[in-house]
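Residue numbers (the numbering used here): 312 to 701.
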């Protein structure tokens, strides 16, 4: 792991950056800095994506599968490198079957249909090697195992969820206890598929990341688990939250742990003091919120077809604001678009405030993750289909 770069001089952003000033700079900043030595720096991919630092093979110009949601603000991305997709897909299935015994045979079609290899290759275009991509891929699969088996449709339930999540979290954040009780805890990490997956994926991640990066990830996973618990509590009381309350829950029960490891997957480190800057934290939160609403929108018909009532943004808007299903869905698209525009404006301001290579690359990586996440949802026609609202 390369040594972190020296921290920049102390700098504070205004409490709220001037939107007019930020907007005036957005076009210039998103094109990236100019001058000697800056050709490789871009904040976000557009029609001419940045070339990864160690590119595999040129991306193919094949049109993406599936249809994007009409009116949804997003950026198209190149098709992920098929060689990398194939290799990541092969390795993750071997890990799932041979190392952690993740799923029974009857779940194989669902595992393959998730297309996690294509997902992660699209989200991390600057990963220098397949080994780096596998760091993100194992963690993504482990997180979904916890969600499916503890919370959702593969045996999950809101009843007792807190206890299950707490014990699973110790696979990421080790229990420090007495010699008498430590062996029982260590044995428990192999007792079910989610804990086996968390333990193994985290071991790989810790070996390849710095202590600061690993602790950042643990913190974000605690956030995720708190969001799971809020949603479970509402399910137990049959409570439909206000729209703002739902969005608060989704700031925690969201994709945040995935884009925040973009530097680990890229083989570099965003220094902890830069990551902790309030303005950087706002950018990361907006990215997580926008990408999670993408999931609400693309999974809408899938969730409606499943048993029980699943909370998602269109459902909550329809209930709380008295809108038709169609109008609520279209309003949810507007919420997503507002989050995306705010993300891009705030990221542009942070790029100006902290013009150091690691911060610039991290912002590019988060933007790439946002775009890749949309690409995967759009193209995963095995899982998702759009409602007939247009």
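Built from N, CA and C at the ideal position, the CB exists for glycine as well.
*Specify the secondary structure class of residue 470 as computed by DSSP and reduced to three states.*
coil
*Which residue's Cα is closest to the Cα of residue 647: 409, 391, 413 and 562?*
562
*Residue from 637, 643 and 496 whose Cα sits closest to the Cα of residue 702*: This structure gives no information on residue 702, because the portion of the chain shown stretches from 312 to 701.
*asked:* Distance check for residue 477 and residue 685, CA to CA, integer angstroms please.
replied: 31 Å
*When you compare only the Cα positions, how much space is there between residue 409 and residue 617?*
31 Å
*Looking at C-alpha atoms only, which residue of 397, 519, 534 and 412 is the closest neighbour of residue 431?*
397
*asked:* Within 8 Å, do at least three Cβ pairs link the segment 432-441 to the segment 487-498?
replied: no
_Suppose contacts are defined by Cβ-Cβ distances below 9 Å. Is residue 718 in contact with residue 482 by that definition?_
This structure does not reach residue 718, given that the chain is present from 312 up to 701, and the question cannot be answered.
_Would the segment 502-517 count as touching the segment 537-555 if we require 3 or more Cβ pairs under 8 Å?_
no
_Using the three-state DSSP reduction, which class does residue 535 fall into: helix, strand or coil?_
helix
*Does the ligand MN have a heavy atom nearer than 8 Å to the CB of residue 682?*
The ligand MN is absent from the structure shown, which contains no ligands of any kind.
*Same chain only: Cβ atoms within 7 Å of residue 529, ignoring 5 sequence neighbours per side*: 483 and 484
*Closest residue to residue 628 among 622, 619, 639 and 620 (Cα-Cα distance)*: 639
*Roughly how many angstroms lie between the CA atoms of residue 506 and residue 407, to the nearest whole one?*
12 Å
_Euclidean distance between Cα positions of residue 591 and residue 583_ = 11 Å
*asked:* I believe residue 692 touches residue 416 by the beta-carbon criterion, under 8 Å. Please report the beta-carbon distance rounded to the nearest angstrom.
replied: Not confirmed; about 24 Å, so no contact.
*With DSSP collapsed to three states, give me the class of residue 566.*
coil
*Within its chain, find whatever has a CB closer than 7 Å to the CB of residue 456; leave out the 5 residues flanking it on each side and keep chain order.*
413, 504, 505 and 508
*Excluding sequence positions up to five away, which residues of its chain have a Cβ less than 6 Å from the Cβ of residue 383?*
644
*Residue range of the alpha helix (DSSP H) that residue 615 falls in?*
611-615
*Apart from the five residues just before and just after residue 566, which ones in its own chain have a Cβ nearer than 6 Å to its Cβ?*
599, 602 and 603
*Buried or exposed by the 16-neighbour rule on C-beta atoms within 10 Å, applied to residue 487*: exposed
*Boundaries (first-last residue) of the alpha helix (DSSP H) holding residue 684*: 668-690
*Compute the Euclidean distance between the alpha carbons of residue 500 and residue 634, then round it to the nearest angstrom.*
46 Å
*Verify whether the separation of the beta carbon atoms of residue 552 and residue 622 is less than 9 Å.*
yes
_Less than 9 Å between the beta carbons of residue 441 and residue 402, yes or no?_
yes
*asked:* On the criterion of 16 or more Cβ atoms from any shown chain inside 10 Å, does residue 671 qualify as buried, or is it exposed?
replied: buried
*Taking the C-alpha atoms as reference points, what is the distance between residue 738 and residue 420?*
Outside the shown range of the chain, which is 312 to 701, sits residue 738, and nothing can be said about it.
*Taking C-alpha atoms, which residue in 699, 659, 688 and 594 lies nearest to residue 424?*
688
_residue 387 versus residue 611: straight-line alpha-carbon distance, rounded_ = 21 Å
*Are residue 657 and residue 594 close, meaning C-beta to C-beta below 9 Å?*
yes
*So, helix, strand or coil for residue 575, using DSSP?*
helix
*Could you work out which residue in 701, 698, 394 and 572 is closest to residue 448 when comparing CA atoms only?*
572
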